[in-house]
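J.:
Numbering (our numbering), first residue to last: 50 to 257.
1. Does the Cβ of residue 136 have 16 or more other Cβ atoms within 10 Å, making it buried, or fewer, making it exposed?
2. Tell me which residue opens and which closes the alpha helix (DSSP H) that residue 202 is part of.
3. In or out: residue 143 buried (at least 16 other Cβ within 10 Å) or exposed?
4. Tell me the rounded alpha-carbon separation between residue 115 and residue 139.
5. Since residue 128 is in the alpha helix (DSSP H), which residue starts that stretch and which ends it?
6. Are residue 200 and residue 217 close, meaning C-beta to C-beta below 7 Å?
7. Tell me which same chain residues have a C-beta within less than 6 Å of the C-beta of residue 197, skipping the five on either side of it?
8. Relative to the alpha-carbon of residue 271, which residue among 208, 203, 215, 113 has its alpha-carbon at the smallest distance?
9. Quick check on residue 112: does DSSP put it in helix, strand or coil?
10. Would DSSP call residue 223 helix, strand or coil?
11. Going straight from the alpha carbon of residue 213 to that of residue 108, what length do you get?
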């Protein structure tokens, strides 16, 4: 039951970050609302489970400060977002058939992640064409990979137990809220998103 609602909550959070058809300001407003409701829902649904699993909790050291976008170009921020979503996608895809997981919810979750990855890749392509570049992003991606390596190692050391996954679900929710924060800050870097959205629309409509 908890896992079902976890995926439902995360799907709403991910869907609210889709920025093809809505202005960024509206998306951020919606995400704030969804975040608040998601936190309430997670707290309500996971109180017993998390209390029981407190002895298994771990600080995975999400590198929020070192990945702060103020000091990086837009291309770097896009690279961070892409790597985070890619790592979340890989984590859940590899464990889609675990006992207690409803496959339908997991598949929807993965589809949402994949759609966002495709969109980010399109944005990254536009930035590369404009020479704003992603040079130097390898170190940023490495920090994200090391963070998720700690999550993988934790699950393995805990034999992928129910408590371990409960702890990781909370951590992934925290990670997704950080993704939202990056998306919000991304709107303050460079061109307005509407200009980028127009270029993407033109790009997708252009004959290959």
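All C-beta atoms, glycine included, are put in the ideal place defined by N, C-alpha and C. The structure displayed is predicted, hence computed values, not measured ones.
T.: Well, looking at it:
1. So residue 136 counts as buried.
2. Its alpha helix (DSSP H) spans residues 186-206.
3. Exposed is the label assigned to residue 143, since fewer than 16 other Cβ atoms lie within 10 Å of its Cβ.
4. Looking at the two C-alpha atoms, the distance is approximately 23 Å.
5. That run of the alpha helix (DSSP H) goes 123-142.
6. At the C-beta level, residue 200 and residue 217 come within 7 Å of one another.
7. Counting only residues of its own chain and dropping the five nearest sequence neighbours on each side, residue 197 has a CB closer than 6 Å to the CB of 136.
8. Here the chain covers residues 50 to 257 and nothing more, so residue 271 does not appear.
9. In the three-state scheme derived from DSSP, where H, G and I count as helix and E and B as strand, residue 112 is classed as coil.
10. Residue 223 sits in a helix when the DSSP states are folded into three classes.
11. Between the C-alpha atoms of residue 213 and residue 108 there is a straight-line separation of about 12 Å.
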